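Number of protein chains: 2
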Amino acid sequence: MQSRRPAEPGMTVDQVQTPAIIVDLDALEDNITFLASRVAQNPGASATPHAKAHKCVEIAQRQIAAGASRVCCQNVAEVEAMVAGGIRSVLLSNEIVAEEKARRLARSAREAKIGVCVDHPLQADILSLAAQEQSVTLNVLVEIDVGHGRCGIAPGPDAVKLAQYVTGKPGLHFAGLQAYDGAAQHLRKPDQRTAAITRAASLVRETIDLLKAAELACETVAGAGTGSYENELASGVYTELQCGSYALMDADYGRNETDRPFKNSLFVLTTVISNPLPARAVCDAGLKSLTAESGLPVVRGARGVTYVKATDEHGTLELSPDATITIGDKLRLIPGHCDPTVNLHDWLVAYRGDKVEAVWPVIRGW
Amino acid sequence: MQSRRPAEPGMTVDQVQTPAIIVDLDALEDNITFLASRVAQNPGASATPHAKAHKCVEIAQRQIAAGASRVCCQNVAEVEAMVAGGIRSVLLSNEIVAEEKARRLARSAREAKIGVCVDHPLQADILSLAAQEQSVTLNVLVEIDVGHGRCGIAPGPDAVKLAQYVTGKPGLHFAGLQAYDGAAQHLRKPDQRTAAITRAASLVRETIDLLKAAELACETVAGAGTGSYENELASGVYTELQCGSYALMDADYGRNETDRPFKNSLFVLTTVISNPLPARAVCDAGLKSLTAESGLPVVRGARGVTYVKATDEHGTLELSPDATITIGDKLRLIPGHCDPTVNLHDWLVAYRGDKVEAVWPVIRGW
Numbered sequence: 003m004q005s006r007r008p009a010e011p012g013m014t015v016d017q018v019q020t021p022a023i024i025v026d027l028d029a030l031e032d033n034i035t036f037l038a039s040r041v042a043q044n045p046g047a048s049a050t051p052h053a054k055a056h057k058c059v060e061i062a063q064r065q066i067a068a069g070a071s072r073v074c075c076q077n078v079a080e081v082e083a084m085v086a087g088g089i090r091s092v093l094l095s096n097e098i099v100a101e102e103k104a105r106r107l108a109r110s111a112r113e114a115k116i117g118v119c120v121d122h123p124l125q126a127d128i129l130s131l132a133a134q135e136q137s138v139t140l141n142v143l144v145e146i147d148v149g150h151g152r153c154g155i156a157p158g159p160d161a162v163k164l165a166q167y168v169t170g171k172p173g174l175h176f177a178g179l180q181a182y183d184g185a186a187q188h189l190r191k192p193d194q195r196t197a198a199i200t201r202a203a204s205l206v207r208e209t210i211d212l213l214k215a216a217e218l219a220c221e222t223v224a225g226a227g228t229g230s231y232e233n234e235l236a237s238g239v240y241t242e243l244q245c246g247s248y249a250l251m252d253a254d255y256g257r258n259e260t261d262r263p264f265k266n267s268l269f270v271l272t273t274v275i276s277n278p279l280p281a282r283a284v285c286d287a288g289l290k291s292l293t294a295e296s297g298l299p300v301v302r303g304a305r306g307v308t309y310v311k312a313t314d315e316h317g318t319l320e321l322s323p324d325a326t327i328t329i330g331d332k333l334r335l336i337p338g339h340c341d342p343t344v345n346l347h348d349w350l351v352a353y354r355g356d357k358v359e360a361v362w363p364v365i366r367g368w
Numbered sequence: 003m004q005s006r007r008p009a010e011p012g013m014t015v016d017q018v019q020t021p022a023i024i025v026d027l028d029a030l031e032d033n034i035t036f037l038a039s040r041v042a043q044n045p046g047a048s049a050t051p052h053a054k055a056h057k058c059v060e061i062a063q064r065q066i067a068a069g070a071s072r073v074c075c076q077n078v079a080e081v082e083a084m085v086a087g088g089i090r091s092v093l094l095s096n097e098i099v100a101e102e103k104a105r106r107l108a109r110s111a112r113e114a115k116i117g118v119c120v121d122h123p124l125q126a127d128i129l130s131l132a133a134q135e136q137s138v139t140l141n142v143l144v145e146i147d148v149g150h151g152r153c154g155i156a157p158g159p160d161a162v163k164l165a166q167y168v169t170g171k172p173g174l175h176f177a178g179l180q181a182y183d184g185a186a187q188h189l190r191k192p193d194q195r196t197a198a199i200t201r202a203a204s205l206v207r208e209t210i211d212l213l214k215a216a217e218l219a220c221e222t223v224a225g226a227g228t229g230s231y232e233n234e235l236a237s238g239v240y241t242e243l244q245c246g247s248y249a250l251m252d253a254d255y256g257r258n259e260t261d262r263p264f265k266n267s268l269f270v271l272t273t274v275i276s277n278p279l280p281a282r283a284v285c286d287a288g289l290k291s292l293t294a295e296s297g298l299p300v301v302r303g304a305r306g307v308t309y310v311k312a313t314d315e316h317g318t319l320e321l322s323p324d325a326t327i328t329i330g331d332k333l334r335l336i337p338g339h340c341d342p343t344v345n346l347h348d349w350l351v352a353y354r355g356d357k358v359e360a361v362w363p364v365i366r367g368w
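In the order they appear, the protein sequences are chains A and B. Going by this note's numbering, the first residue of the first sequence is number 3, and it counts up by one from there. Going by this note's numbering, the first residue of the second sequence is number 3, and it counts up by one from there.
So, in structure tokens, the structure goes:
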């Protein structure tokens, strides 16, 4: 069921119906430009921003315009939307095993260069069949586990064996390694992140050496995120940097210690709908419009107001004596975790100053 | 952006594209019938199931067919969808302060009987203007805080004063009290829930007595949920029982001690997409298809498989040596918390046995 747009271009931000996610275009553009310029200083590396964070074709187009060589997606619906939006190179940085999804991915490869990850021969079998059926080539990265502890085959000989397997499958081209260390992204101290990525890069290097010994070229090493990307850049082995959250940012990434912070461009706009006690107010943004697994949202720009509890449709606010908000007021919340918060919404309201410039659809489904 | 349907009627459940939410119609119908029959034993009380849990017109229609006197909603988009689906009486059991939302609600009141809550004169002012503009009457419940600590004016004299204020506003009819004790729903022991609702009912009674003294009739006392509804029934003061989760159920409600359990009818269907180690597999249902604030999902019907970590698009599974799942297998997960889990999806796949019977839209937006 298509939902109602919360705003129209030309409105003021104060007229946006809540709860809604709003994106400050000045901050968004600064973040995109800043990452692009950092990556441009490192020949051999390119930005391949992750669209799983914003799920928005219009933001991906701006990232490509700023120099990104491709965008990453985490599901097939995102890939299809990006290709329909004119993006000519997309990596599905994830594994799929459903034949129907492989078929859809291969169809996208008729219009754009498509990469995909595997960590098991079965995935390669399914992708190979779909690629042959559509007469396309899928560019396959072997995903290795460099510390994340989720998907990914063990670095070293196992990864080489899988790369050889991929090389032997019609319709597939072995293109390199996916080596994302998600666990490193939220380590608070720079030296913790450096240690994690030093270890990851060393596992990558060992695997590349074994691939070479097996006469397999490793064109691509993909990984990195908003927390650790400076380390992957410095390592010299990563060729593609998959930062996603950097464009929007969130309260949790804001807690990382760094001398190169990105700006908060994403806010949940909410209305104070109840103020039953002097020390308590309630707003209309709860667990159905933001997520709390990485901490509660932080109130931006309202003195003495703390978001203390998220329930399904409500946020409970604690008011200190110097708080001046009242029922009917709108508040901007910095969500704890941008990716799943964006995923709760159908529309993203892009604004500059106090004016809405555009209302962009959020990619839905899988 | 309208998302792709994950299934079509006539498919087997195994053919549903994942991640998806699936609803076992036999279990759903048993839950609806069971609550209806419990309530029918108590003259003076009626079931007014909360649609915030399922966000689905087709389920609400089944609840009405089973005897519910109206359905409850938590936002205006839900109210509009229910009225468009032919439901003739709806309560918005929440406060609104936006003029645009009040206008939409009043428009719905041209086609159906509409109730709404207030806990502040400002909400009554806004609703009164909208009701006059549309030449309708809105039935207003004054929400009192009987233990939940969220919205709701204090029971007693403050509530009576607000009821008097509502009575004086054109276009509004004071219809009674909203007295939901959300905090009581998840108390694990029956005697804890009994104590909480005994206290809530006593606050309601005191307020009713004061209303009577002020010559205000209190036709309706609304509240109760899946955890505590037997207590509200027993209290004799509640006339409307707003249970929502009972139809679908979830892992958290499953942890309540009760001799009248509802059945799990809601599952997140997921596929094992990776199995990098003998003791670890990864499925495609993470924080974008289920929520974890009330605990991780519980795996139904697969020996030795435990869901141990939710990340954005992935669920990490721990496999004990007797586990027999393999890459490509589908699993059914009982989500920790049904309401925000349903809210993540656009479609709800209704099945009976192993056959998909229907694919229902989930109401989106606010």
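All residues carry an ideal CB built from backbone N, CA and C; glycine is no exception. Bear in mind that the values here come from a model prediction, so they are computed numbers and not experimental data.
* Asked: Any idea what DSSP makes of Cys340(A), helix, strand or coil?
  -> Within the first sequence, numbered from 1, the residue matching residue 340(A) stands at position 338. If DSSP states are grouped into helix, strand and coil, Cys340(A) belongs with the helices.
* Asked: alpha helix (DSSP H) containing Leu27(B): first to last residue?
  -> On the second sequence, residue 27(B) is found 25 positions in, with the first residue counted as 1. Looking at the DSSP string, the run of the alpha helix (DSSP H) that includes Leu27(B) is Leu27 to Ala42.
* Asked: How far does the alpha helix (DSSP H) with Gln166(B) in it reach, from first residue to last?
  -> Within the second sequence, the letter at position 164 stands for residue 166(B). It spans Pro159 to Thr169 - the alpha helix (DSSP H) in which Gln166(B) sits, taken as one unbroken run.
* Where DSSP assigns a beta bridge to Lys214(A), which residues make up the other side? -> Reading the first sequence from its first residue, position 212 is the one you call residue 214(A). In DSSP, Lys214(A) forms no bridge with anything.
* Asked: With distances taken between CB atoms, is the gap from Leu27(B) to Arg354(B) smaller than 8 Å?
  -> Translated into positions along the second sequence, residue 27(B) becomes position 25. Translated into positions along the second sequence, residue 354(B) becomes position 352. Leu27(B) places its beta carbon less than 8 Å from that of Arg354(B).
* Asked: For the segment 210-268 of chain B, which segments carrying the beta strand (DSSP E) assignment without a break, of at least 3 residues, lie completely within its bounds, in sequence order?
  -> Complete beta strand (DSSP E) runs here, min 3: 222-225.
* **Same chain only: Cβ atoms within 7 Å of Pro192(A), ignoring 5 sequence neighbours per side** => The residue labelled residue 192(A) in the question sits at position 190 within the first sequence. These residues qualify, in order along the chain: Glu259 and Thr260.
* Between Gln19(B) and chain A, is there a C-beta pair that is closer than 8 Å? -> Taking the second sequence and counting its residues from 1, the one referred to as residue 19(B) is at position 17. At a cut-off of 8 Å between beta carbons, Gln19(B) contacts chain A.
* Asked: Hey, is Ser276(B)'s beta-carbon within less than 8 Å of any beta-carbon in chain A?
  -> Along the second sequence, read from residue 1 onward, the residue named residue 276(B) stands at position 274. Taking Cβ atoms only, chain A reaches closer than 8 Å to Ser276(B), which makes this a yes.
* Spatial distance of Gly158(A) from Asn266(A) (CA atoms) -> Sequence index remark: in the first sequence, residue 158(A) carries index 156 (1-based). Sequence index remark: in the first sequence, residue 266(A) carries index 264 (1-based). For Gly158(A) and Asn266(A), the distance between alpha carbons rounds to 39 Å.
* Asked: Closer than 8 Å, CB to CB, is Val284(B) near chain A or not?
  -> Working through the second sequence from its first residue, we reach residue 284(B) at position 282. Chain A contact via Cβ: present.
* What do you reckon, are the CB atoms on Leu205(A) and Ile128(A) nearer than 8 Å? -> Against the first sequence, residue 205(A) aligns to sequence position 203. Against the first sequence, residue 128(A) aligns to sequence position 126. The answer is no: Cβ separation not under 8 Å.
* **Whole-angstrom C-beta distance between Ala224(A) and Gln244(A), which should lie under 8 Å** => What you label residue 244(A) is simply residue 242 of the first sequence in a count that begins at 1. What you label residue 224(A) is simply residue 222 of the first sequence in a count that begins at 1. Gln244(A) to Ala224(A), Cβ: 6 Å. Contact.
* **Backbone CA spacing between Trp368(A) and Glu221(B) [nearest angstrom]** => The residue you call residue 368(A) lines up with position 366 of the first sequence. The residue you call residue 221(B) lines up with position 219 of the second sequence. Taking the straight line from one Cα to the other gives about 47 Å.
* If we count Cβ pairs, one from each stretch, closer than 8 Å, do we get three or more for the segment 59-73 of chain B versus the segment 29-44 of chain B? -> Cβ pair count under 8 Å is three or more, so yes.
* Please decide whether Arg257(A) counts as near chain B, where near means a Cβ-Cβ distance under 8 Å. => By 1-based counting over the first sequence, the position of residue 257(A) is 255. Nearest CB-CB separation between Arg257(A) and chain B: not below the 8 Å threshold.
* Could you check where the alpha helix (DSSP H) with Pro123(A) kicks off and where it finishes? -> The count along the first sequence starts at 1 and reaches residue 123(A) at position 121. For Pro123(A), the uninterrupted alpha helix (DSSP H) segment begins and ends at Pro123 to Gln136.
* Proximity winner among Ala79(A), Ala312(A), Gln125(A) and Ser5(A), relative to Ile98(A) (alpha-carbon distances) -> Locating residue 98(A) in the first sequence gives position 96, counting from the first residue. Ile98(A) has its Cα closest to that of Gln125(A), out of Ala79(A), Ala312(A), Gln125(A) and Ser5(A).
* Name the two residues that bound the continuous beta strand (DSSP E) containing Ile116(B). => The count along the second sequence starts at 1 and reaches residue 116(B) at position 114. For Ile116(B), the enclosing beta strand (DSSP E) starts and ends at Lys115 to Val120.
* chain B within 8 Å of Gln76(A), Cβ atoms only -> Position 74 of the first sequence, counted from the first residue, corresponds to residue 76(A). The Cβ of Gln76(A) sits closer than 8 Å to at least one Cβ of chain B.
* Using a threshold of 8 Å, state whether the C-beta atoms of Val274(A) and Gly330(A) are closer than that. => Counting from 1 along the first sequence, the entry for residue 274(A) is found at position 272. Counting from 1 along the first sequence, the entry for residue 330(A) is found at position 328. Yes; because the gap between Cβ atoms is below 8 Å, this pair is in contact.
* Any Cβ of chain A within less than 8 Å of the Cβ of Ala100(B)? -> On the second sequence, residue 100(B) is found 98 positions in, with the first residue counted as 1. Among the CB atoms of chain A, one or more fall inside 8 Å of the CB of Ala100(B).
* Asked: Ordered along the chain, which non-local residues of its own chain (more than five positions away) have a Cβ less than 8 Å from that of Glu295(A)?
  -> Locating residue 295(A) in the first sequence gives position 293, where the first residue counts as 1. Taking Glu295(A) as the centre and dropping the five residues before and after it, the same chain places the C-beta of Gly338, His339 and Pro342 closer than 8 Å to its C-beta, in chain order.
* The beta strand (DSSP E) with Glu102(A) in it runs from where to where? -> Here the question's residue 102(A) lines up with position 100 in the first sequence. Segment Glu101 to Ser110 is the alpha helix (DSSP H) holding Glu102(A); no beta strand (DSSP E) there.
* Asked: When Cβ atoms are compared, which residues of the segment 290-313 of chain B fall closer than 9 Å to chain A?
  -> So the close ones are Lys290, Ser291, Thr293, Ala294, Glu295, Lys311, Ala312 and Thr313.
* Asked: Taking just the CA atoms, how far does Ser110(A) sit from Leu93(A)?
  -> Counting from 1 along the first sequence, the entry for residue 93(A) is found at position 91. Counting from 1 along the first sequence, the entry for residue 110(A) is found at position 108. The alpha-carbon atoms of Leu93(A) and Ser110(A) are separated by roughly 11 Å.
* To do: Could you tell me which chain B residues have their CB closer than 7 Å to the CB of Gly158(A), listed as they occur along the chain?
  => On the first sequence, residue 158(A) is found 156 positions in, with the first residue counted as 1. Simply none; closest approach about 13 Å.
* is_contact[Glu97(A), chain B] using C-beta, thresh 8 Å -> Counted from its first residue, the first sequence places residue 97(A) at position 95. Using beta-carbon distances, Glu97(A) counts as an interface residue toward chain B, with a partner under 8 Å.
* Asked: How long is the line joining the alpha carbons of Ala325(B) and Leu131(A), rounded to whole angstroms?
  -> Indexing the second sequence from 1 puts residue 325(B) at position 323. Indexing the first sequence from 1 puts residue 131(A) at position 129. Rounded to whole angstroms, Ala325(B) to Leu131(A) spans 29 Å at the Cα level.
* Beta-bridge pairing of Pro51(A) - partner residues as DSSP gives them -> Counted from its first residue, the first sequence places residue 51(A) at position 49. Looking at the DSSP assignment, Pro51(A) forms no beta bridge with any residue, so it has no partner.
* Candidates Asp121(B), Lys171(B), Ala79(B) and Leu268(B), of which the one nearest Gly154(B) by Cα -> One-based indexing of the second sequence puts residue 154(B) at position 152. Among Asp121(B), Lys171(B), Ala79(B) and Leu268(B), the Cα nearest to that of Gly154(B) belongs to Asp121(B).
* **Any C-beta of chain B under 8 Å from that of Pro45(A)** => The residue given as residue 45(A) occupies position 43 in the first sequence. No, its Cβ sits nowhere closer than 8 Å to a Cβ of chain B.
* Integer-rounded CB distance, given that Ala226(B) should sit under 8 Å from Ile61(B) -> The residue you call residue 61(B) lines up with position 59 of the second sequence. The residue you call residue 226(B) lines up with position 224 of the second sequence. Not a contact, Cβ separation roughly 19 Å.
* Can you check whether the CB of Ala9(B) is closer than 8 Å to the CB of Val361(B)? -> Start at 1 with the first residue of the second sequence, and residue 361(B) comes out as number 359. Start at 1 with the first residue of the second sequence, and residue 9(B) comes out as number 7. Closer than 8 Å, so yes.
* Would you say Gly341(A) reaches chain B, if we count a Cβ-Cβ gap shorter than 8 Å as a contact? -> The residue given as residue 341(A) occupies position 339 in the first sequence. For the record, residue 341(A) in the displayed sequence is Asp; it is not Gly. Asp341(A) counts as touching chain B.
* Strand pairing of His175(A), partner residues [DSSP] -> Here residue 175(A) refers to the residue found at position 173 when the first sequence is read from its first residue. Bridge partners of His175(A): Asn141(A).
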